[in-house]
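If you read the sequence shown in full-length UniProt numbering, its first letter stands for residue 1, the second for the next number, and so on.
Every residue, glycine too, gets a C-beta built ideally from N, C-alpha and C.
This structure is a prediction, so every number in the text was calculated from the model and none was measured.
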Amino acid sequence: MDLEDLHLHNGRLLVTGPLLERIELLGYCGFSNTLQEVGIHRCYFLKCFPLESFSDLKHLHIRDCPNFETISGKSISLISLKIQMCSNFASFLGVGLKTPNLERLKLKYCSNLKLLPEFLLYSLEELIIWNCPQLESFLEGGLPLKLHRLEIVGCTELIDGRNKWNFDRLPSLLYFKIGGCEHAECFPEESLLPPTLTSLKIRSFPNLKSLEYKGIQHLTSLQCLSIISCPKLQLLPEEGLPSSLTCLRVSFLDNLESLVNSKIQQLSNLKKLSIKDCPKLKSVPEEGLPSTITSLKIQWLDLESLNSKELQNLTSLKELIIDDCPQLLSLPEEGLPSSLSYLTIKFCPLLEERCKREKGADWPKISHREDANKKLYVFFHMILAYDEAAEQD
Numbered sequence: 001m002d003l004e005d006l007h008l009h010n011g012r013l014l015v016t017g018p019l020l021e022r023i024e025l026l027g028y029c030g031f032s033n034t035l036q037e038v039g040i041h042r043c044y045f046l047k048c049f050p051l052e053s054f055s056d057l058k059h060l061h062i063r064d065c066p067n068f069e070t071i072s073g074k075s076i077s078l079i080s081l082k083i084q085m086c087s088n089f090a091s092f093l094g095v096g097l098k099t100p101n102l103e104r105l106k107l108k109y110c111s112n113l114k115l116l117p118e119f120l121l122y123s124l125e126e127l128i129i130w131n132c133p134q135l136e137s138f139l140e141g142g143l144p145l146k147l148h149r150l151e152i153v154g155c156t157e158l159i160d161g162r163n164k165w166n167f168d169r170l171p172s173l174l175y176f177k178i179g180g181c182e183h184a185e186c187f188p189e190e191s192l193l194p195p196t197l198t199s200l201k202i203r204s205f206p207n208l209k210s211l212e213y214k215g216i217q218h219l220t221s222l223q224c225l226s227i228i229s230c231p232k233l234q235l236l237p238e239e240g241l242p243s244s245l246t247c248l249r250v251s252f253l254d255n256l257e258s259l260v261n262s263k264i265q266q267l268s269n270l271k272k273l274s275i276k277d278c279p280k281l282k283s284v285p286e287e288g289l290p291s292t293i294t295s296l297k298i299q300w301l302d303l304e305s306l307n308s309k310e311l312q313n314l315t316s317l318k319e320l321i322i323d324d325c326p327q328l329l330s331l332p333e334e335g336l337p338s339s340l341s342y343l344t345i346k347f348c349p350l351l352e353e354r355c356k357r358e359k360g361a362d363w364p365k366i367s368h369r370e371d372a373n374k375k376l377y378v379f380f381h382m383i384l385a386y387d388e389a390a391e392q393d
C-alpha cells in the first residue's frame, strides 16, 4: 500500500493515495473498531470497502476512486454514505446495502451505476443522486416512507421513467430537486408529486414549455418554488400557483415574458421574489406583484430603470438587492419605499456612481426619508457603507 496521506484524528480517518488496493485495519491498535468517519479520496486501485471491518463507522465518503466497484459486509452503525466520481461503481453487492440505520445516501457522478440497493434502507431520510445516467429505477420495493429530501439531477433514464415513481405514497417528503430532463415539455405531471412538499426546485429542462397546473395545484404545502435554466419557458401557469407559496425564484429563463399572468397578485403569503437573468422581462417590478413581498432581488438584468410606480406599491418591502445590472442608470424619481431597511447595490457601476454619499445625483433619494428615525442600511459590494439614521444623530 503506497499512501500519499493518512490522517487519524478524533475518530476520523482520511486516506488519500493513488495505489491503495485494500483496506484491512482489524487489529491495528484496535482503532478500526472505534473509527466513526472514514474518507477515501483518489485511491485508484481500491475495488471494495469492507463494512464489517469498521463496527462503529457512522460516516463513509468514497470519492474519485475510478476502479471502486462495491461495498461488502453489513453495518448497523452507518448513518451516512457518499460515493462520488467512482466511474466503475455499478451496483451494491448481493441483495443490497445491509445498513438498516442509514439516514443519508449521496451518489454523484457514478456513470455506470445501474441499480440501487433493493431493500434494508428503512431509515433513509435523504437520497441525493446526481449524474448517474444509466440508473433506470428506484428501489424495487419503493422509496422509504421516512424520506424527506430527494434530489435527482442528470439521471436521464431515471427521470424519463418518472411515471413509475409513486411519490404520492411518500408521506414525509418535503424537499424535491430535479434537473437535467432533456425531453419533458411540461412538468410536473398530475399526481407525480406528493402534497407534503414544501420546497420544489426545477432546473435544466432545455425543452420545458410550461408548468403543468394539474401537477402543481395540489401542492398545498409548497412554500418555495425555484425554476432555473429552462430556456423555452415563457409563462407560469395562467391558473396560478399554490397560495401557500412564500418564496419564488426564477433564474436563467431566456424566454420568460411575465410573472403576473399566473395570478401572482393572489399569492397573499409571498415574501421573497428573486429574478435572475430573465432578459425578456420588460418591467421590474411588474405591475400586479403582491404587496406582501418583503425581499426583492434582481440580478443580471439589462434594465435601464426600475418600475417606480410598482416599486412604491410594495409597501412591505424591507430588502432590495440589485446585483450586476450594469445598464441601470438611476433609482426611481419617486425614491424608495418607506418600508425599506436594506438596500444592496453590487456590480452596477452607473448606479453606484449616482448613489455616492453626498456627491451622487441619487443620494437625496437615499438620504431623504419621511421617518427620520427609520434606518436605511446601504451596501455596496456587501460592505456596509451608510447608516442614514445614525448620520443624522
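Three-state class that DSSP yields for E151 in the structure shown:
Here E151 sits in strand by DSSP.
Helix, strand or coil at Y122 according to DSSP, with G and I counted as helix:
coil
Counting pairs of beta carbons, one from the stretch 175–186 and one from the stretch 140–156, are three or more of them closer than 8 Å?
yes
What are the boundary residues of the beta strand (DSSP E) that includes Q299?
S295 to Q299
L147 versus G180, E103 and T315, residue with shortest Cα-Cα distance:
E103
Comparing C-alpha positions only, which one of E358, N269 and I264 sits nearest to residue 424?
Because the chain in this structure spans residues 1 to 393, residue 424 falls outside the shown range and cannot be described.
Unbroken beta strand (DSSP E) run spanning S226, endpoints
C224 to I228
Taking D323 as part of the alpha helix (DSSP H), name the residues at either end of that continuous run.
Per DSSP, D323 lies in no alpha helix (DSSP H) segment; the continuous beta strand (DSSP E) that holds it begins and ends at E319 to D323.
Touch check for the stretch 210–225 and the stretch 176–196: three-plus C-beta pairs under 8 Å?
yes
With a threshold of 7 Å on Cβ separation, who are the neighbours of L245 within its own chain once the five nearest residues in sequence on each side are excluded?
Once the five neighbours on either side are set aside, the close Cβ partners of L245 are L222, Q223, L225, L267, N269 and L270.
Hey, would you say G240 sits closer than 8 Å to V260, going by beta carbons?
no
So, helix, strand or coil for R63, using DSSP?
strand
Does DSSP classify W363 as helix, strand or coil?
W363 falls in the helix class under three-state DSSP.
According to the neighbour-count rule (16 or more other Cβ atoms, all chains shown, within 10 Å of its Cβ), is P326 buried or exposed?
exposed
Name the one or two DSSP bridge partners that E157 has.
In DSSP, E157 forms no bridge with anything.
How big is the Cα-Cα spacing for C186 and K82?
32 Å
Let me make sure I understand the geometry here. Which of F92, L105, N88 and T70 has the alpha-carbon closest to that of S80?
The shortest Cα separation from S80 among F92, L105, N88 and T70 belongs to L105.
Going along the chain, which residues of its own chain have a beta-carbon closer than 6 Å to the beta-carbon of E257, five neighbours each way excluded?
Excluding residues within five positions, the ones whose Cβ falls inside 6 Å are Q234 and K280.
Output the boundary residues of the alpha helix (DSSP H) element that contains E352.
P349 to R354
From E334 to L328, what does the alpha carbon distance come to, in whole angstroms?
If I take the Cα positions, the gap works out to 16 Å.
Since I believe S341 is in contact with K318 (beta carbons under 8 Å), could you give me their beta-carbon distance rounded to a whole number of angstroms?
5 Å
Pick from D254, S338, S283 and Q299: whose alpha carbon is nearest that of I275?
Here the closest residue by C-alpha is Q299.
Alpha-carbon spacing of E157 relative to P144, whole angstroms:
In this structure, the CA atom of E157 is about 21 Å from the CA atom of P144.
Whose C-beta lies closer than 6 Å to the C-beta of K209 among residues of the same chain, with five residues either side of it excluded?
The answer, listed in chain order, is E185 and K232.
Would you mind stating whether Q134 and N163 have Cβ atoms separated by less than 8 Å?
Going by beta carbons, Q134 and N163 fall outside the 8 Å limit.
Excluding the 5 residues preceding and the 5 following N166 in the sequence, name in chain order all residues of the same chain whose CB lies nearer than 7 Å to its CB.
G142
Once DSSP output is grouped into helix, strand and coil, what is the label at R104?
strand
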